[in-house]
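Comments concern the structure below.
Number of protein chains: 2
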Amino acid sequence: MPQVVEPPSGTRDFLADEVRRRRAAFDTISAVFEHYGFDPVQTPAFERLEVFAGKLGDEAAKLIFKILKRGVHEASGEADLALRYDHTVPLARVVGTYGSRLPSPFKRYAIGNVWRADRAAKGRFREFAQCDIDTVGSSSRLADAEILWAINEALQALGIGDFRFLVNSRQALHGLLEAYGIAPQLGLDVLCSLDKLDKTTPEAVTAELTDRGLSSDTAESLVTDVTSPDTDRVRKQLDTTESGRRGLSEVDRLLSLTTGLPEGRVVFTPRMVRGLDYYTGPIFEVLAEGYPGSIASGGRYDGLVAKLGGPDLPACGGSIGIERILATQQTKATTTRGLDVALTVLGAEDDIMRLAAHIREHGLRTGIYLGSSTKLAKQLKWAHDQHARHVLIYGPDEQATGEVTVRDMDTGEQTRLPLADTAAYLRDRHATR
Amino acid sequence: MPQVVEPPSGTRDFLADEVRRRRAAFDTISAVFEHYGFDPVQTPAFERLEVFAGKLGDEAAKLIFKILKRGVHEASGEADLALRYDHTVPLARVVGTYGSRLPSPFKRYAIGNVWRADRAAKGRFREFAQCDIDTVGSSSRLADAEILWAINEALQALGIGDFRFLVNSRQALHGLLEAYGIAPQLGLDVLCSLDKLDKTTPEAVTAELTDRGLSSDTAESLVTDVTSPDTDRVRKQLDTTESGRRGLSEVDRLLSLTTGLPEGRVVFTPRMVRGLDYYTGPIFEVLAEGYPGSIASGGRYDGLVAKLGGPDLPACGGSIGIERILATQQTKATTTRGLDVALTVLGAEDDIMRLAAHIREHGLRTGIYLGSSTKLAKQLKWAHDQHARHVLIYGPDEQATGEVTVRDMDTGEQTRLPLADTAAYLRDRHATR
Numbered sequence: 008m009p010q011v012v013e014p015p016s017g018t019r020d021f022l023a024d025e026v027r028r029r030r031a032a033f034d035t036i037s038a039v040f041e042h043y044g045f046d047p048v049q050t051p052a053f054e055r056l057e058v059f060a061g062k063l064g065d066e067a068a069k070l071i072f073k074i075l076k077r078g079v080h081e082a083s084g085e086a087d088l089a090l091r092y093d094h095t096v097p098l099a100r101v102v103g104t105y106g107s108r109l110p111s112p113f114k115r116y117a118i119g120n121v122w123r124a125d126r127a128a129k130g131r132f133r134e135f136a137q138c139d140i141d142t143v144g145s146s147s148r149l150a151d152a153e154i155l156w157a158i159n160e161a162l163q164a165l166g167i168g169d170f171r172f173l174v175n176s177r178q179a180l181h182g183l184l185e186a187y188g189i190a191p192q193l194g195l196d197v198l199c200s201l202d203k204l205d206k207t208t209p210e211a212v213t214a215e216l217t218d219r220g221l222s223s224d225t226a227e228s229l230v231t232d233v234t235s236p237d238t239d240r241v242r243k244q245l246d247t248t249e250s251g252r253r254g255l256s257e258v259d260r261l262l263s264l265t266t267g268l269p270e271g272r273v274v275f276t277p278r279m280v281r282g283l284d285y286y287t288g289p290i291f292e293v294l295a296e297g298y299p300g301s302i303a304s305g306g307r308y309d310g311l312v313a314k315l316g317g318p319d320l321p322a323c324g325g326s327i328g329i330e331r332i333l334a335t336q337q338t339k340a341t342t343t344r345g346l347d348v349a350l351t352v353l354g355a356e357d358d359i360m361r362l363a364a365h366i367r368e369h370g371l372r373t374g375i376y377l378g379s380s381t382k383l384a385k386q387l388k389w390a391h392d393q394h395a396r397h398v399l400i401y402g403p404d405e406q407a408t409g410e411v412t413v414r415d416m417d418t419g420e421q422t423r424l425p426l427a428d429t430a431a432y433l434r435d436r437h438a439t440r
Numbered sequence: 008m009p010q011v012v013e014p015p016s017g018t019r020d021f022l023a024d025e026v027r028r029r030r031a032a033f034d035t036i037s038a039v040f041e042h043y044g045f046d047p048v049q050t051p052a053f054e055r056l057e058v059f060a061g062k063l064g065d066e067a068a069k070l071i072f073k074i075l076k077r078g079v080h081e082a083s084g085e086a087d088l089a090l091r092y093d094h095t096v097p098l099a100r101v102v103g104t105y106g107s108r109l110p111s112p113f114k115r116y117a118i119g120n121v122w123r124a125d126r127a128a129k130g131r132f133r134e135f136a137q138c139d140i141d142t143v144g145s146s147s148r149l150a151d152a153e154i155l156w157a158i159n160e161a162l163q164a165l166g167i168g169d170f171r172f173l174v175n176s177r178q179a180l181h182g183l184l185e186a187y188g189i190a191p192q193l194g195l196d197v198l199c200s201l202d203k204l205d206k207t208t209p210e211a212v213t214a215e216l217t218d219r220g221l222s223s224d225t226a227e228s229l230v231t232d233v234t235s236p237d238t239d240r241v242r243k244q245l246d247t248t249e250s251g252r253r254g255l256s257e258v259d260r261l262l263s264l265t266t267g268l269p270e271g272r273v274v275f276t277p278r279m280v281r282g283l284d285y286y287t288g289p290i291f292e293v294l295a296e297g298y299p300g301s302i303a304s305g306g307r308y309d310g311l312v313a314k315l316g317g318p319d320l321p322a323c324g325g326s327i328g329i330e331r332i333l334a335t336q337q338t339k340a341t342t343t344r345g346l347d348v349a350l351t352v353l354g355a356e357d358d359i360m361r362l363a364a365h366i367r368e369h370g371l372r373t374g375i376y377l378g379s380s381t382k383l384a385k386q387l388k389w390a391h392d393q394h395a396r397h398v399l400i401y402g403p404d405e406q407a408t409g410e411v412t413v414r415d416m417d418t419g420e421q422t423r424l425p426l427a428d429t430a431a432y433l434r435d436r437h438a439t440r
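The listed protein sequences derive, respectively, from chains Y and L. Under the working numbering, think of the first position of the first sequence as 8, with each following residue one higher. Under the working numbering, think of the first position of the second sequence as 8, with each following residue one higher.
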């Protein structure tokens with residue numbers, strides 16, 4: 008009895024339609040990033056364990072898949088390699104490894120799997136694709152804006168119609184805390200609470216802030232101001248502090264450099280908080296109608312490349328949540344790629360092989376019956392299962408006259424024509440679809 | 008100081024040109040296999056360790072990369088997962104996992120990395136791509152022939168001009184041993200010696216066979232017969248035994264089903280031996296002018312899927328040695344993908360962002376200067392480093408008149424034209440290249 012073994016927990020097998028769907032999405036994103044002058048980079052699936060040492064937070068470090076030493080060292084139970092956790096640590100490593108051999112600035116995109124030993128759950132995987140785009144070595148605001156433009160175009164190309172970039176700035180968040188007189192030691196907690204405003208009610212967040220030690224007046228005006236669709240009050244507050252003004256100017260520069268995007272596509276969102284120990288400048292996330300959570304995010308992270316072991320270079324970038332997008336779009340019908348032409352086999356096999364070759368020369372997807380049945384009905388069932396558009400019948404009758412019967416599987420119509428004309432006939436029928 | 012860390016031993020970083028070159032090769036192969044009605048399958052990078060248990064030979068088993076258990080189990084030093092060693096074990100697992108939900112026969116191709124902890128050496132990697140094509144569930148000789156046709160077309164599409172398929176049969180090898188009166192216990196050793204005939208002289212192989220216990224008459228006539236370009240003598244010998252006749256008939260069927268291929272493309276090669284505990288029927292390997300070793304190989308392996316833990320189904324397939332092909336082709340010049348249009352930045356940044364967007368709408372690869380210099384000369388150097396075909400200059404002069412200067416980097420020619428006409432002008436210039 009064969010064992011029936013599933014793929015490992017949290018991983019997936021992708022069969023035909025799904026591979027094609029994923030490949031098409033990755034190709035779409037690549038093509039857009041290429042147009043923006045970004046170059047692809049592919050790093051190995053694993054890195055030396057030391058590359059990760061101290062680079063990831065404690066929580067993240069627990070999630071890396073470690074690879075056991077090999078040969079005589081296997082018995083030690085020690086690891087020396089680890090599967091990549093994201094594309095950012097390898098990016099920092101590559102910038103360190105190749106240094107001045109890379110273009111400056113280094114604009115690269117990376118599309119590929121990463122592995123995290125996260126608790127497996129619906130929609131959460133241990134092997135999943137990330138699509139990252141980053142510019143290392145530029146402090147220009149144009150670099151930040153370019154990331155938004157490129158992600159905007161990629162999302163449009165993926166068929167996502169209604170989406171918007173929420174933008175904010177790490178500096179603006181600093182300024183916000185200062186302007187509302189929040190004690191530095193409360194800062195992180197307060198921002199964590201504000202971050203919940205997209206999932207919970209303003210009242211609940213206000214209550215949480217009060218619990219955290221803010222006066223109810225401060226909590227209430229902070230929440231009211233940051234959730235107001237009109238950002239004027241927050242802007243006035245930010246204007247009272249140095250970081251606030253710097254943050255506002257970052258945000259306004261980004262808004263100005265993206266005025267070419269559709270109206271309302273980029274929105275200053277003062278309550279938006281992202282990875283605080285990561286980003287240093289403008290930050291963004293993308294929300295889309297009909298998609299859960301954010302489908303892209305990013306920002307400027309000037310200190311990170313050095314922290315991850317690379318040289319001290321400014322950097323900004325973003326990531327498209329491609330798994331989330333693919334999972335949501337999956338509910339729409341996936342089309343199966345069937346055969347253009349299916350050849351039944353009723354003897355004369357050498358002729359069949361040559362005929363198939365001629366048909367393929369016209370770019371048609373062509374399959375030959377490989378089963379053991381000599382019954383036409385059974386072979387037609389196979390052709391039907393293969394979603395074949397045309398079936399060729401070359402039985403003793405046809406062989407005697409050097410002809411082929413072509414059956415249109417949509418209409419059931421059958422046409423008999425000379426063997427030599429078959430490939431051209433099929434080409435014409437498929438060209439006009 | 009940043010650490011300079013190389014990628015792990017035996018693995019490679021692929022930068023822009025190399026990623027594109029590899030991607031193009033994989034796309035080429037995919038397109039051909041799709042035309043033959045094969046469907047893509049992607050399995051996870053790792054499998055449960057039990058999937059490999061007892062499935063690989065001792066030598067192979069030593070080469071698998073094992074993944075340490077996680078969390079509280081990490082301290083045990085035990086592994087529960089392993090990186091995939093090839094695409095065949097995962098294929099058997101997939102056939103077992105999905106059973107009747109897969110089409111029958113199941114024609115699939117797999118292109119992707121596999122990992123082997125082999126001693127790193129020039130041209131031998133620990134992470135490398137394999138391109139496999141297999142048909143599971145068909146005993147038809149058409150299935151064997153189809154694999155040859157598909158690989159033939161893929162190799163042609165990869166630009167390999169001069170190559171040939173050496174074909175033989177496991178049964179013919181059995182028959183050969185029998186016909187020449189070789190004791191069964193010597194069979195394996197004798198075949199191992201014959202397998203060296205493509206690398207060493209007939210004399211050396213004859214001597215080795217004599218050492219292994221064959222009479223010098225037998226050794227000499229065996230080596231003479233199997234190396235003769237004329238296969239008549241071997242055919243006559245094979246005709247004297249049951250396995251020999253079965254093997255010959257397999258080979259002749261394959262030759263007959265591939266007569267549509269160029270003359271001399273498929274050659275019966277009685278001395279050709281491949282993986283004896285693997286293949287059960289026809290076998291082949293492909294040699295090409297200018298390429299070292301074989302660049303593709305395969306055959307029928309009816310017992311293997313069951314042995315690897317899948318259901319007991321007949322199967323045949325082949326694999327393209329894509330790393331070897333890519334490495335050999337690498338010596339030819341690789342073209343760098345430069346920018347079609349490089350935009351310098353001399354103020355008016357919002358206009359620049361919009362202008363870049365218009366140009367990209369015409370499908371041109373467009374980059375914006377992201378450095379900190381305001382000097383045109385420095386920005387032109389950047390454009391040159393980016394292999395830009397055209398550079399746009401939009402300085403204070405041009406801004407005052409609403410014009411742009413377009414510089415052709417090949418000719419040095421400069422043209423000044425209205426901002427609004429720039430995108431269309433560039434489109435036309437690139438369309439005519």
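Backbone N, C-alpha and C define an ideal beta-carbon position, used for all residues, glycine too. Fair warning: this is a prediction, and the values are worked out from it, not measured in the lab.
Query	Result
Whole-angstrom C-beta distance between residue 329 of chain L and residue 32 of chain L, which should lie under 8 Å	6 Å
Alpha-carbon spacing of residue 252 of chain Y relative to residue 177 of chain Y, whole angstroms	12 Å
Identity of the residue in Y:430, Y:49, Y:273 and Y:423 nearest residue 364 of chain Y by Cα	Y:430
Terminal residues of the alpha helix (DSSP H) in which residue 142 of chain L lies	Taken as a continuous stretch (DSSP letters only), residue 142 of chain L belongs to no alpha helix (DSSP H), being part of the beta strand (DSSP E) at 134-143.
Start and end residues, beta strand (DSSP E) containing residue 301 of chain Y	301-307
Span of the alpha helix (DSSP H), counted from its first residue to its last, around residue 225 of chain Y	223-234
Under 8 Å from the C-beta of residue 42 of chain Y: neighbouring residues of chain L	367, 370, 371, 372 and 373
Beta-carbon gap between residue 266 of chain L and residue 164 of chain L smaller than 7 Å	no
Chain L residues whose Cβ lies nearer than 8 Å to that of residue 125 of chain Y	Going along chain L, no residue has its Cβ under 8 Å from residue 125 of chain Y, so there is no contact; the nearest lies around 10 Å.
Short CB-CB distance (under 7 Å) between residue 195 of chain L and chain Y	no
Within 9 Å of chain Y by C-beta, residues of the region 140-166 of chain L in sequence order	142, 144, 145, 146, 147, 148, 149, 150, 152, 153, 156 and 160
Nearest neighbour of residue 166 of chain L, chosen from L:249, L:336, L:144 and L:181 [CA to CA]	L:336
Residue nearest to residue 260 of chain L in terms of C-alpha spacing, selected from L:141, L:273 and L:269	L:273
Cross-chain neighbours of residue 129 of chain L in chain Y, by beta carbon under 7 Å	By Cβ distance, chain Y contributes nothing, its closest Cβ being about 18 Å from residue 129 of chain L, past 7 Å.
At least three beta-carbon pairs within less than 8 Å, the region 306-316 of chain L to the region 212-231 of chain L	no
Whole runs of the beta strand (DSSP E) within the region 242-316 of chain L, excluding any shorter than 3 residues	273-275, 289-295 and 301-307
Straight-line gap, residue 8 of chain L to residue 317 of chain L (C-alpha atoms, nearest Å)	Its pLDDT being 46, under 50, residue 8 of chain L is placed unreliably by the model, and nothing is read from it.
Start-to-end residues for the beta strand (DSSP E) that takes in residue 54 of chain Y	53-55
Nearest-angstrom Cβ-Cβ length linking residue 157 of chain L and residue 40 of chain L, presumed shorter than 8 Å	6 Å
Cut-off 7 Å between Cβ atoms - residues of its own chain near residue 194 of chain L, not counting five sequence neighbours on either side	184
Residue 214 of chain L versus residue 234 of chain L - alpha carbon distance	15 Å
CB contact below 7 Å: residue 263 of chain Y versus chain L	yes
Neighbour flag for residue 46 of chain L against chain Y, beta carbons, 7 Å	yes
Near-chain Y residues of the region 92-105 of chain L (beta-carbon distance less than 7 Å), N- to C-terminal order	100, 101, 103 and 104
Residue 212 of chain Y: first and last residue of the uninterrupted alpha helix (DSSP H) it sits in	209-218
C-beta neighbour in chain L for residue 20 of chain Y, strict 7 Å	yes
Element boundaries [alpha helix (DSSP H), containing residue 97 of chain Y]	95-105
Euclidean distance between Cα positions of residue 21 of chain L and residue 393 of chain L	18 Å
Own chain, CB closer than 6 Å to residue 298 of chain L, minus 5 neighbours either side, in chain order	335
Segments assigned beta strand (DSSP E), at least 3 residues, entirely inside the region 312-387 of chain Y	322-327, 348-350 and 373-375
Beta-bridge pairing of residue 176 of chain L - partner residues as DSSP gives them	L:289
Contact between the region 66-73 of chain Y and the region 399-406 of chain L (3+ Cβ pairs under 8 Å)	no
Close Cβ partners of residue 373 of chain L (< 6 Å) along its chain, the five nearest in sequence each way excluded	348, 363, 366 and 367
Same chain, Cβ closer than 6 Å to residue 319 of chain Y, five either side skipped, listed in chain order	313
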